[in-house]
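J.: Here it is: the structure, laid out below.
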Amino acid sequence: MSEEPIKDHVYWINEGNRRYEEEMLEEAVAHYNEAIKIKPDVALAYNNKSNALNSLGRYEEAIESCNEAIRIKPDYSEAFSTKGNALRDLGRKLEAIKCYNESIKFNPDYVTYCSKGNVLYDLVKYEEAIICYNEAILLKPNSASVYYNKGNALYNLGSKVEAIKCYDEAIKFEPNNYSAYFNKGNALSDLCRYEEALICCDKVLAFRQNNADAYFNKGNILDSLGRKIEAIDSYSKSIEIAPNYAAYCKKGNNLYELDKKLEAIDCYSKAIQLEPNNPIPYYNKGNALKDLCKYEEAIECYNKAINLKHGNANTYLNKGNALNSLDKKLEAIDCYSKAIQLEPNNPIPYYNKGNAFNDSCKYEEAIECYNKAIDLKDDNANAYLNKGNALSSLDRKLEAIDCYSKAIQLEPNNPIPYSSKGNALNFLCKYEEALECCNKAIELNPDYINAHCNKGFALSNLERKLEAIDCYDKTIKLEPNNPMSYYNKGYALDCLNKYEEALDCYNKAIALKHDYVSAYCNKGNILCELDRKLEAIECYDKIIELEPKNYDAYYNKGKTLNDLSRHEKAIECYNKAIEIKPDYSSAYCNKGYSLSHLGKKEEAIECYNKAISINPEDSGSYCNKAVSLYDLGKKQEAIENLTTAITIDPANPLYYCDRAKVFNSLNQEAEALQDFNIAYNLMKEVHINRRNKKLSNENIDWINKTLDQDRIELLKKLTTLQESAIEFKEEFEKLKDEVSENPDLKREIDEQYKIIKAQHSQIVERAVDCLNSNNNNESNSEIQNLTNDMNKFKISTEEEISYLRSLIQKVDQEKVNREEVEPYALKVCSEIERSPNVLKKYYEALYNRLHNSLKEAEIICNSGNLAIDTQNYKISAFSQALQLTPMIGSMLSNVFSKAAEVISAHYIKKHAVKLINTLGLNPDARENVIKRTAETSTLRNRIKICDVEHNPEVNLWINKGLIAKCKDFFMVNIEDNLYQSNHQILGCIDALKILYTIQHNEFAKDLSSEETVSILVLTSASYDFSKARTITEQKKKRSCACNAFLIKNLEYKHFLLNKPGLLKHLSISTNLPYYKVINYSIELEQLGHNVYELDIETLANLMISLE
């Protein structure tokens, strides 16, 4: 049997040690207690027991045991060290250090130095910790752990290179120390030695394949190397091993940078699940949502981060950006203000706040913010750029240009400030300099759309429209969905009068931007130019729908309604424009124009006065006011206002034309001529003046709309006509001097001059109205008509002067002729008086002859004017008769015969189609013409039956146009058949004379058929008028509709005959039809007025009073 050991205190200490090593700690403590029971003064037992208690976490008991050991043995260094460990683990680190110091004092031990160093490390006293580690290394140079710990202390002191050396020493003594590799990798990463750091990470993973932290660190290193996809893979593996918040955040950040925003948001959401009270993933998630334009959700995330006490400047800054994108400018500005409070020296929130103010059109506040941002960071090019934009919006272009220049200085390769500077220079009309800036911007970025747009604007204003269009085409090519490019191109085409192409551009701009007000406005203006007024109004209505307070839209709509003569509706538009903008002088002016056209001249003048009071330099209002004053007969006031308009705007040719019209109406022909000459010279130079900016905006608008060569030529012809009018006036004065002893003839010359003067004034007024018109289509047609009428006026006036000269020369002969006719007329009248039926038959013959001739003339002449141009048939009588169409038709019966011959000849020669097309008839009418005119005899037969009792011989002469011979025949043979058919023959003769006379009387050209019958009867000169008046008074009770009509008017035959042209002049002066002039003449005679002696102006006023 083996001898049983003695169970003394040594035994129990040894047993305790064995159990301690076997980690049977409770048994170890029990054994140590047994030793202490046997021998209470053994310090070793207490110390070893303390170690076991420390391992059990029973630190207070461990300290008590150490104290006993120290009490027994005061220099027991190991007990001090053990007590220090217990105090360390209790967090009583300073007390622990004292214990370690005591231990070292009695025994400088490697372990104690390590323990003291670790406690100092925990207390962030890295320098003191390093001293301890160095002492430990001296005691044990091959200790991996002490090098490792020293490396950590150096790392935390920022001595990364020395830390790496320590980690290398630790690895040298312990090659499998993955922690040393791990921390060395961190140090290398901090030194941006990423490839070496990556090797360390791989070393760690070689030792610990499931080390989540190693994968996380590797992800960070790959992220720093820009290898985002590999980094994401590492983070994913870290998450797979141990889902952790940091890995999700990092993975989310890498996905965010790869523009995989939705996946990033998913990672941030997972991080939030792991750490719901951590604000960072909320902040990052908000950024991702903001970039996806999910601003409301982003703001929720920022608010959550702020509520979690993460209200830092960036959170408020980004929340402000999200609010700004939602157009919640005030809330955004509030966020930027909070960011500024948190970081008052950060220029970014000042800059963003400035942008929000800029977008809110609060440019002064924006400039203050940009100034603060610049003060904090004076190399911020964007701050200068946006400050320049704000200044430009305040129309402070020179200051804006300074800012753009500063931005260029800071970022010379940035095209944006060059383009913005070019835009500002454009507004200052410095187009060449603007062009240089735009070209520089394009040089830096050939695809920069704004630069091409601004360059196009500069070129357009340099009158290089085609080059401008090329610029806009480039912008369209670069960005086909940019509406502004189409708009700018449309404007350039508009300036080139390429309206259809411009319209197409505006339509494309509107299709891309449905609320593009400027495009609708310009489209409406072009539609007006194309005379598509109703479509233009639709455009202006659309603008009003988009911007109910857009006064210009109401104004333009009103102008268009004016052009459509819908003046009441136009006034409603002007009233609305004035309601929105009470100082809108142009609206008052155009309202006056509409009122004037409605005949409300006084109200119109009030509007013009209001426009002038708002804008005393509004020359157009003075001009329009003058027109209304002229219409009211206040011609001197009209001249005064036109003179004021000319003083304000001496380069407007129309003002001179209007004043010339007034001068002409006051018989101041010389002054009128002077104004017409000035107007003509101005119009010739108008383009040069425009380039030199000598014209007002109103004039430029007028030029763009109305100026063309035809109008210049019209004004030239009008000036020539005015010169002719002055010459004609002088000629008539000479004629009057020549017949000063013949009152009747002098009176006739006066009356003829008044008619000519009225015709001239009418042409002048029409010409001036045409020059003022904005309707190009109507104006072009009227210009042609005016040109023809001017030529006719000169020819007819010259003929009239020639006729009057010949009349003066033949006055004696005419007197003899009248004396020869009077006996015959008296004889005829006395015979007519013998039988009541004779007068009736005479009138029937006369009336039917005239009436049917007129109806027949209307059938042929009014159907197409019979303007036949044939080389084979030059028929003078036919051509002369055609000059009287379409109103009166051809009066000479030979016209029907000759026309029939022409039609027949054309028909036979198979040219009928050409003739019928010339007539301009509808298909049914053409067929009727062919049927009725196939044979010459058909028309001749119709002419013959125009007489009540036709005479073949008379009709034969009529058909040949031999009026004089016909007259002679009846004069010679009247004696033989005086009591047989003279009443009918006389009716035919009178009809022939009347038809002949009408060719030489200007007033008859505008008569209708019925008026012609009555008036021509009144102008018959075949018998004594005083005698006829007596006869008709005696016979007036006899019933005959035709007779009654003629008897009523016969009294004024002498009056009208002796005042040639009176009827037409009275009709023009009174604006009354001819039949009313005749009726009122009768009524005035019955009221006791001697109409034969009254002057024309008095007679006209009396007739107006009766009306």
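Counting from 1, one number per residue, gives the positions in the sequence shown under full-length UniProt numbering. Note that the Cβ used here is the ideal one computed from N, Cα and C, for glycine as well.
Alpha carbons only, please: which of Leu1087, Arg193, Leu1072 is nearest the one belonging to Ala1100?
T.: Nearest option by C-alpha distance: Leu1072.
J.: Which class does Tyr147 belong to by DSSP, given the choice of helix, strand or coil?
T.: Note: Tyr147 maps to helix in three-state DSSP.
J.: Take Glu606 as the anchor and find which of Asn318, Ala212, Ile232, Ser628 has the nearest alpha-carbon.
T.: The residue with the shortest Cα to Cα distance from Glu606 is Ser628.
J.: Asn426: buried (16+ other C-beta within 10 angstroms of its C-beta) or exposed?
T.: Label assigned to Asn426: buried.
J.: Under 8 Å between the Cβ atoms of Ser1105 and Val1091?
T.: Not a contact, by the Cβ cut-off of 8 Å.
J.: Verify whether the separation of the beta carbon atoms of Ser55 and Ala69 is less than 8 Å.
T.: The answer is no: Cβ separation not under 8 Å.
J.: Could you check how far apart the C-beta atoms of Ala536 and Ile544 are, in whole angstroms? I think they sit under 8 Å.
T.: Not quite, the Cβ-Cβ distance comes to about 13 Å (not below 8 Å), so this is no contact.
J.: Going by beta-carbon coordinates alone, are Ala434 and Asn454 separated by less than 8 Å?
T.: Taking 8 Å as the Cβ cut-off, Ala434 and Asn454 qualify as a contacting pair.
J.: What are the boundary residues of the alpha helix (DSSP H) that Asp631 is part of?
T.: Looking at the DSSP string, the run of the alpha helix (DSSP H) that includes Asp631 is 619-631.
J.: Return the chain-ordered list of same chain residues with a C-beta closer than 6 Å to the C-beta of Tyr622, the five sequence neighbours on each side being excluded.
T.: Closer than 6 Å at Cβ, skipping near neighbours: Asn641, Thr644, Ala645.
J.: Following the continuous alpha helix (DSSP H) through Glu127, name the residue where it begins and the one where it ends.
T.: That run of the alpha helix (DSSP H) goes 126-139.
J.: Using the Cα positions of Lys105 and Leu157, report the straight-line distance between them to the nearest angstrom.
T.: If I take the Cα positions, the gap works out to 28 Å.
J.: Going by CA-CA distance only, name the one from Ile401, Arg71, Ala611 that's closest to Ile416.
T.: Among Ile401, Arg71, Ala611, the Cα nearest to that of Ile416 is on Ile401.
J.: At the level of alpha carbons, what is the spacing between Ile171 and Ala441?
T.: The alpha-carbon atoms of Ile171 and Ala441 are separated by roughly 59 Å.
J.: Are the C-beta atoms of Leu629 and some chain D residue less than 8 Å apart?
T.: In summary, chain D is missing from the structure at hand, where a single protein chain is found.
J.: Work out the CA separation of Gly185 and Ile199 for me, nearest whole Å.
T.: So the two alpha carbons sit approximately 8 Å from each other.
J.: Rounded to whole angstroms, what is the Cα-Cα separation between Glu135 and Pro108?
T.: Those two C-alpha atoms are separated by around 9 Å.
J.: Considering only C-alpha positions, which residue in the set Lys717, Ala298, Tyr608 is nearest to Asn321?
T.: Of the listed residues, the one whose Cα sits closest to Asn321 is Ala298.
J.: In this structure, does DSSP put Asp291 in helix, strand or coil?
T.: Helix at Asp291.
J.: Give the secondary structure of Ile646 by DSSP, where H, G and I count as helix, E and B as strand, and everything else as coil.
T.: Three-state DSSP puts Ile646 in a helix.
J.: Do you know offhand how far Glu1097's Cα is from Asn609's?
T.: Glu1097 and Asn609: Cα-Cα distance of roughly 32 Å.
J.: Looking at C-alpha atoms only, which residue of Phe793, Ser189, Tyr155, Tyr499 is the closest neighbour of Tyr126?
T.: For Tyr126, the nearest C-alpha among the options comes from Tyr155.
J.: Pick out whichever of Leu191, Ser234, Leu225 has its Cα sitting closest to the Cα of Asp213.
T.: The shortest Cα separation from Asp213 among Leu191, Ser234, Leu225 belongs to Ser234.
J.: Once DSSP output is grouped into helix, strand and coil, what is the label at Ala153?
T.: Three-state DSSP puts Ala153 in a helix.
J.: At the level of alpha carbons, what is the spacing between Glu22 and Glu128?
T.: Using only the alpha carbons, I get a separation of about 35 Å.
J.: What would DSSP say about Ser325, mapped onto helix, strand or coil?
T.: In the structure shown, Ser325 sits in a helix (DSSP, three-state: H, G or I).
J.: List the endpoints of the continuous alpha helix (DSSP H) containing Tyr306.
T.: One point to set straight first is that residue 306 is Ile, not Tyr, in the sequence displayed. Careful: Ile306 lies outside any alpha helix (DSSP H) and carries neither H nor E.
J.: Considering only residues of the same chain and omitting the five flanking positions on each side of Lys406, which have a CB-CB separation below 7 Å?
T.: Within the same chain, Lys406 has close Cβ partners Tyr384.
J.: Which residue marks the beginning of the alpha helix (DSSP H) containing Leu222, and which one marks its end?
T.: Element bounds for Leu222: 212-224.
J.: Reducing DSSP to helix, strand and coil, say where Leu1087 ends up.
T.: Correct three-state label for Leu1087: coil.
J.: For residue 1161, collect the residues of the same chain with a Cβ closer than 7 Å to its Cβ; drop the 5 residues on either side in sequence, then sort them by chain order.
T.: Look at the range of the chain in this structure, 1 to 1107, and you will see that residue 1161 is not part of it.
J.: Using 10 angstroms around the beta-carbon of Tyr803, count the other beta-carbons present and answer buried if the total reaches 16, otherwise exposed.
T.: Tyr803 comes out exposed.
J.: Just the C-alpha distance for Lys600 and Phe663, rounded to the nearest angstrom, thanks.
T.: Roughly 24 Å between the two C-alpha positions.
J.: Whose CA, out of Arg58, Asn507, Cys114, lies closest to the CA of Asp89?
T.: Nearest option by C-alpha distance: Arg58.
J.: Expressed to the nearest angstrom, what Euclidean distance is found between the alpha-carbon atoms of Leu25 and Ala35?
T.: Going by the C-alpha atoms only, they are around 15 Å apart.
J.: Mind checking whether Gln722 and Leu673 have CB atoms under 8 Å apart?
T.: Yes.
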